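Enquirer:
Protein chains: 2
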Amino acid sequence: MVTPFGLPPARGRECCSCPLGPGCFPGSLEAVNLRELEGLIEHTAPAYAGSFLFRQGDRFEHIAVIRLGTVKTYAIDREGREQTTGFHMPGDFIGLSAIDDGRHPCNAVALDTVTLCRLPFRATADLAARMPMLQAKLFRLMSRDIARATRLSCNNAADERLAAFLIGMADRMAAQGYSSRRWQLTMSRMDIANYLRLAPETLSRLLRRFQAEGLVSVDGREVEVRGRERLQALAALEPARVACADQARSEAA
Amino acid sequence: MVTPFGLPPARGRECCSCPLGPGCFPGSLEAVNLRELEGLIEHTAPAYAGSFLFRQGDRFEHIAVIRLGTVKTYAIDREGREQTTGFHMPGDFIGLSAIDDGRHPCNAVALDTVTLCRLPFRATADLAARMPMLQAKLFRLMSRDIARATRLSCNNAADERLAAFLIGMADRMAAQGYSSRRWQLTMSRMDIANYLRLAPETLSRLLRRFQAEGLVSVDGREVEVRGRERLQALAALEPARVACADQARSEAA
DNA sequence: CGGAAAGTTGAGTGGGATCAAGCCGCGTGG
DNA sequence: CCACGCGGCTTGATCCCACTCAACTTTCCG
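Written out as structure tokens, the structure reads:
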């Protein structure tokens with residue numbers, strides 16, 4: 035069970051104790067603040083596949099942590115075209131992109147049965163001012179989303195993007211305690227294709243090629259990773275680790 | 035002159051008073067906190083074209099506000115390919131993507147003479163806990179970067195991306211008090227092409243086409259926007275504003 | 001003035017989109 | 001039970017946009 039702030043579930047009750055992902059608060063926590071945080075959490079009824087968690091243009095009030103299920107976020111441009119901007123899984127936060135202008139810039143829809151914890155953002159920010167760990171966690175979360183979105187916009191070649199997607203899924207499944215070798219996709223081919231900026235036909239052919247090359251084995255929504263290393267090599271996802279990067283900060287060209 | 039937190043320059047001195055962009059703190063400010071904020075600001079010597087502000091892999095210590103000049107950020111993947119991830123201008127913050135893992139995921143290089151204010155992040159975050167406006171500003175800044183990076187990863191067609199780039203530049207020039215109709219590019223064609231995920235040749239041809247269609251007039255690095263409306267229409271940049279978006283939050287499929 | 005880098009132009013190629021058809025799983029209803 | 005229809009997915013054929021390669025021009029800077 036994913037608890038919103040990575041704390042072990044509160045002793046004595048099975049309910050979510052705190053909304054920010056495993057290993058968030060490694061040190062000691064002031065019990066008072068923690069209880070305050072718990073008090074902010076709004077438990078919502080499960081959302082079923084196809085239901086919207088928020089819509090593009092909605093006023094922003096809450097951020098939310100996914101506890102169970104998969105959420106797809108997508109934007110619709112003024113031509114009416116849909117663009118999937120992300121798949122979100124347990125432990126992920128959604129809604130962070132709406133803080134700035136107070137309106138959600140995208141739709142969030144449940145792909146399967148989703149339960150989440152909602153946190154009124156204003157109150158959470160107020161609490162963060164008194165709870166350094168919480169503030170730091172929020173900064174890190176948002177920073178990670180910036181870096182992730184930036185990486186996504188790079189990966190140019192189709193096969194690299196697909197490889198990055200598969201590796202990313204594998205790692206996220208592992209983070210949830212599932213097998214990183216074999217798992218079940220919760221999204222359709224069309225969703226994946228759209229997310230990777232590919233035509234569904236192209237994705238289908240790519241998957242077939244990956245399978246022929248022994249990288250993966252795909253049957254419907256069942257995926258098995260066979261060539262993790264080669265797949266990871268294909269995904270130029272991770273930026274190159276630069277050796278001796280701590281040298282001179284500034285130098286003339 | 036851009037002051038880091040949008041305050042008018044401190045009376046009596048021309049130096050930067052506060053590092054977060056125009057209109058940041060609309061309400062009253064506690065003078066004590068403000069002075070503390072000013073105390074955190076590190077004034078650095080101007081960086082000249084080609085010099086690095088930070089490098090991929092560098093330890094993250096500071097965020098920085100650009101006061102003058104243009105900064106290019108780019109990542110290098112493990113194939114050695116360069117990918118420009120953004121152009122940053124006065125008032126913009128750089129370094130926010132590094133908070134999460136404590137290392138910069140990209141290089142930042144000055145395209146012309148750049149002056150910036152550096153803020154030790156740890157201390158700034160501590161102060162933010164006592165200065166709600168500052169904390170809110172940081173959240174908004176990061177949120178905006180998430181939304182921006184997400185939008186960038188969409189815009190698929192080459193001409194749409196170029197149009198979005200031009201409109202974005204025009205608006206940012208206007209925000210700095212320059213003409214939004216006619217201005218000077220600070221980055222090379224190669225940089226722009228790389229940013230837009232195009233070959234330099236393709237960009238050259240596209241610009242020529244835009245010029246033939248009367249959208250812009252380009253001469254070297256001098257740009258004049260002639261068809262703002264058509265350009266804006268081409269750039270599917272802004273997501274469609276959804277009417278009556280405040281309806282039911284959740285609905286079954 | 002000369003060399004190098006940046007930018008433009010032209011010709012040819014290829015990767016991914018598009019168009020079109022077929023397959024398959026599934027629910028519905030006769 | 002099967003016929004039917006629908007949507008998701010795959011396969012094939014063709015097309016086109018953007019990339020590549022190559023040559024040339026311009027600009028920059030010594």
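Protein chains in written order, with the numbering used here: chain A, 35 to 287; chain B, 35 to 287. All C-beta atoms, glycine included, are put in the ideal place defined by N, C-alpha and C. These figures come from a predicted structure and were not determined experimentally.
Beta-carbon separation of Pro162(A) and Gln169(B) under 9 Å?
Expert: Here residue 162(A) corresponds to residue number 128 of the first sequence, with the count starting at 1. Here residue 169(B) corresponds to residue number 135 of the second sequence, with the count starting at 1. Position check: residue 162(A) holds Ala in this sequence, whereas Pro was assumed. Cβ atoms of Ala162(A) and Gln169(B): closer than 9 Å.
Enquirer: At the level of alpha carbons, what is the spacing between Asn67(A) and Phe173(B)?
Expert: On the first sequence, residue 67(A) is found 33 positions in, with the first residue counted as 1. On the second sequence, residue 173(B) is found 139 positions in, with the first residue counted as 1. Going by the C-alpha atoms only, they are around 21 Å apart.
Enquirer: Taking only three categories from DSSP, how would you classify Ser222(B)?
Expert: Along the second sequence, one-based indexing puts residue 222(B) at 188. Note: Ser222(B) maps to coil in three-state DSSP.
Enquirer: Per DSSP, what kind of secondary structure is Ala274(B) in: helix, strand or coil?
Expert: The residue labelled residue 274(B) in the question sits at position 240 within the second sequence. Residue placement at Ala274(B) is poorly supported in this model, since its pLDDT is 47, which falls under 50; the coordinates still yield a value, given next. Of the three classes helix, strand and coil, the one that applies to Ala274(B) here is coil, per DSSP.
Enquirer: Would you say Val257(B) touches the ligand SAH, meaning its beta carbon is less than 8 Å from a heavy atom?
Expert: Only the bare structure without any ligand can be found here, which leaves the ligand SAH out of the picture.
Enquirer: Shorter than 9 Å from the beta carbon of Ser187(B) to some beta carbon of chain A?
Expert: By 1-based counting over the second sequence, the position of residue 187(B) is 153. Answer yes: the Cβ-Cβ gap between Ser187(B) and chain A drops below 9 Å somewhere.
Enquirer: Go through its chain and collect everything with a Cβ distance to Ser214(B)'s Cβ below 6 Å, but skip five positions before and after it.
Expert: Reading the second sequence from its first residue, position 180 is the one you call residue 214(B). Closer than 6 Å at Cβ, skipping near neighbours: Ala204, Met207 and Ala208.
Enquirer: Pick helix, strand or coil for Arg101(B), following the three-state DSSP scheme.
Expert: Start at 1 with the first residue of the second sequence, and residue 101(B) comes out as number 67. It is a strand residue.
Enquirer: Assuming the contact rule is C-beta atoms closer than 8 Å, Leu219(B) and Val259(B) should be a hit. Round their C-beta distance to whole Å, please.
Expert: Counted from its first residue, the second sequence places residue 219(B) at position 185. Counted from its first residue, the second sequence places residue 259(B) at position 225. No, Leu219(B) and Val259(B) are not in contact; Cβ-Cβ is about 12 Å, not under 8 Å.
Enquirer: Rounded to whole angstroms, what's the CA-CA distance from Leu71(A) to Val99(A)? Just pull it up for me.
Expert: Here the question's residue 71(A) lines up with position 37 in the first sequence. Here the question's residue 99(A) lines up with position 65 in the first sequence. The alpha-carbon atoms of Leu71(A) and Val99(A) are separated by roughly 13 Å.
Enquirer: Threshold first: 4 residues or longer. Then list the alpha helix (DSSP H) segments lying entirely within the region 139-167 of chain A, N to C.
Expert: Entirely contained in the region 139-167 of chain A, the alpha helix (DSSP H) runs reaching 4 residues are, in chain order, 155-164.
Enquirer: Under 8 Å by Cβ, that's how I've got Ala144(B) and Gly84(B) pegged, so tell me the actual separation to the nearest angstrom.
Expert: Looking up residue 144(B) in the second sequence gives position 110. Looking up residue 84(B) in the second sequence gives position 50. Indeed, because the Cβ distance is near 7 Å, the residues count as touching under 8 Å.
Enquirer: Let's see if you can read the secondary structure: which residues bound the beta strand (DSSP E) around Thr236(B)?
Expert: As a working mapping, residue 236(B) is identified with position 202 in the second sequence. That residue, Thr236(B), is in no beta strand (DSSP E); its alpha helix (DSSP H) goes Pro234 to Ala246.
Enquirer: By DSSP, does Leu41(B) sit in helix, in strand, or in coil?
Expert: Residue 41(B) sits at position 7 when you count from the first residue of the second sequence. Here the model assigns Leu41(B) a pLDDT of 45, short of 50, so the residue's position is not dependable and the matter cannot be decided.
Enquirer: Quick one: any contact between the region 179-193 of chain A and the region 181-189 of chain B, if contact means 3 or more CB pairs under 8 Å?
Expert: Touching, yes, given that three or more Cβ pairs across the two stretches are closer than 8 Å.
Enquirer: Which stretch, first to last residue, makes up the alpha helix (DSSP H) that contains Gln266(A)?
Expert: Translated into positions along the first sequence, residue 266(A) becomes position 232. From DSSP, the alpha helix (DSSP H) with Gln266(A) extends over Arg262 to Leu268.
Enquirer: Locate the alpha helix (DSSP H) running through Asp205(A), then write down its first and last residues.
Expert: As a working mapping, residue 205(A) is identified with position 171 in the first sequence. Counting along the chain, the alpha helix (DSSP H) containing Asp205(A) begins and ends at Ala192 to Ala209.
Enquirer: Rounded to whole angstroms, what is the Cα-Cα separation between Leu232(A) and Asp160(A)?
Expert: Walking along the first sequence from the start, residue 232(A) turns up at place 198. Walking along the first sequence from the start, residue 160(A) turns up at place 126. Rounded to whole angstroms, Leu232(A) to Asp160(A) spans 42 Å at the Cα level.
Enquirer: Could you tell me which chain B residues have their CB closer than 8 Å to the CB of Met221(A), listed as they occur along the chain?
Expert: The sequence position of residue 221(A) within the first sequence is 187, counting from 1. Going along chain B, no residue has its Cβ under 8 Å from Met221(A), so there is no contact; the nearest lies around 14 Å.
Enquirer: Counting pairs of Cβ atoms below 8 Å between the region 226-246 of chain A and the region 127-139 of chain A, do you hit three or more?
Expert: No, the region 226-246 of chain A is not in contact with the region 127-139 of chain A.
Enquirer: By Cβ distance below 7 Å, which residues in the same chain neighbour Tyr82(A) in space, the five residues on each side in sequence not counted?
Expert: Here residue 82(A) refers to the residue found at position 48 of the first sequence. Within the same chain, Tyr82(A) has close Cβ partners Ala144 and Thr147.
Enquirer: How many angstroms separate the CA atom of Ala269(B) from the CA atom of Ala198(B)?
Expert: Numbered from its first residue, the second sequence carries residue 269(B) at position 235. Numbered from its first residue, the second sequence carries residue 198(B) at position 164. Going by the C-alpha atoms only, they are around 5 Å apart.
Enquirer: Are there 16 or more other CB atoms within 10 angstroms of the CB of Arg112(A), so buried, or fewer, so exposed?
Expert: Translated into positions along the first sequence, residue 112(A) becomes position 78. Arg112(A) is exposed by the Cβ-count criterion.
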